[in-house]
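Visitor: Residue numbers (my numbering): 1 to 227.
1) Three-state secondary structure (DSSP) at residue 220?
2) For residue 85, which option in 77, 49, 202 has the closest C-alpha, if you only look at C-alpha atoms?
3) Would you mind reading off the limits of the alpha helix (DSSP H) that contains residue 22?
4) Count the other C-beta atoms from every protein chain shown that fall within 10 angstroms of the C-beta of residue 247, then say buried if there are 16 or more, exposed otherwise.
5) With which residues is residue 143 paired in a DSSP beta bridge?
6) Taking contact to mean 3 or more Cβ pairs, one atom from each stretch, closer than 8 angstroms, check whether the stretch 98-110 and the stretch 72-79 are in contact.
7) Mind checking whether residue 180 and residue 162 have CB atoms under 8 angstroms apart?
8) So, at 8 angstroms on beta carbons, what are the nonlocal neighbours of residue 56 in its own chain, with the 5 sequence-adjacent residues on each side left out?
9) Any heavy atom of the ligand FMN inside 7 angstroms of the beta-carbon of residue 191?
10) Should residue 177 go down as buried or exposed, given a rule of 16 or more other Cβ atoms within 10 Å for buried?
11) By how many angstroms is the C-alpha of residue 102 removed from the C-alpha of residue 39?
12) I need the straight-line Cα distance from residue 191 to residue 24, nearest angstrom please.
13) Can you tell me where the beta strand (DSSP E) holding residue 38 begins and where it ends?
14) Going by CA-CA distance only, name the one from 4, 42, 151 that's closest to residue 202.
15) Quick check on residue 89: does DSSP put it in helix, strand or coil?
16) Determine, using beta-carbon pairs with one atom in the stretch 133-150 and one in the stretch 110-118, whether at least three such pairs fall under 8 angstroms.
17) Residues in its own chain within less than 6 angstroms of residue 206 by CB, not counting five upstream and five downstream?
18) The alpha helix (DSSP H) that contains residue 130, what's its start and end?
19) Opposite residue 57 in the DSSP bridges: which residues?
20) Would you mind reading off the limits of the alpha helix (DSSP H) that contains residue 199?
21) Can the beta-carbon of residue 134 be found closer than 8 angstroms to that of residue 33?
22) Any idea what DSSP makes of residue 95, helix, strand or coil?
23) Taking residue 89 as the reference, give the member of 69, 65, 148 with the closest Cα.
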């Protein structure tokens, strides 16, 4: 899979924030995506674990599925030493280096990718789904399990109900109830897709579990690397 190397990863936090502010204006977050055009969807996740010496390793997993059947056709894994400690708002610089390796090895090019993380729902509007979406030049969606920023009203308890996620009077995503009477997930546009389409893709990829199947598969694949 082709991926554009837009900048170095080995940056200080201040340099990383400057890069985010520079790239934000390039993100397209209001483009509709026709579900009928989607044949392959990918889930993206990174697991972290220290080794016996206490050194953290980042283990990236990409799982490509057919759509709408959601059958796995390819899994790619990559492991590196974690380059950056956890800093809120800079997840893409922590997980991006391992993901870049995995993406370059991918043989089946997905039409849309769902990241375990945020897209537009980010203090500088460039979460990992948006940031890596620029590198990939593909429609990307952020799917967060917990709230990073913003406010929302609890959506109705029925499956598929959602409410806007706002920050400074701007809609940056949605709280989506993927299963009735379970906690919502937080969906936001990454790049080259709008919020409505992001919600449609997320629901079309969700079965009996709270998380969309591509994210679940990627999470499981990344975890298996630890044995």
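For each residue, glycine too, the CB sits at the ideal point set by N, CA and C. All values reported here derive from a predicted model rather than from experimental measurement.
Guide: Put simply:
1) Helix, per DSSP.
2) Nearest option by C-alpha distance: 49.
3) Looking at the DSSP string, the run of the alpha helix (DSSP H) that includes residue 22 is 13-23.
4) Only positions 1 to 227 of the chain appear in the structure, and residue 247 is not among them; the question remains open.
5) Answer is 116, 187, bridged to residue 143.
6) The stretch 98-110 vs the stretch 72-79: in contact.
7) No, Cβ-Cβ distance for residue 180 and residue 162 is not below 8 angstroms.
8) Taking C-beta separations shorter than 8 angstroms and ignoring five residues to either side along the sequence, the partners of residue 56 in its chain run 48, 49, 50, 81, 82, following chain order.
9) No copy of the ligand FMN appears in this structure; indeed no ligand is present at all.
10) Taking all protein chains shown into account, residue 177 has 16 or more neighbouring C-beta atoms within 10 Å of its C-beta and is therefore buried.
11) Using only the alpha carbons, I get a separation of about 21 angstroms.
12) Here the alpha carbons of residue 24 and residue 191 stand approximately 10 angstroms from one another.
13) Looking at the DSSP string, residue 38 is not in any beta strand (DSSP E), and its letter there is neither H nor E.
14) The shortest C-alpha separation from residue 202 is found at 42.
15) For residue 89, the three-state secondary structure derived from DSSP is coil.
16) Cβ pair count under 8 angstroms is three or more, so yes.
17) Cβ neighbours of residue 206 beyond the five flanking positions: 178, 212.
18) Run containing residue 130: 128-136, per the alpha helix (DSSP H) assignment.
19) DSSP lists 49, 81 as the bridge partner or partners of residue 57.
20) Per DSSP, the unbroken alpha helix (DSSP H) holding residue 199 starts and ends at 195-204.
21) No, these two residues do not count as a Cβ contact at 8 angstroms.
22) Here residue 95 sits in helix by DSSP.
23) It is 148 whose Cα lies nearest to the Cα of residue 89.
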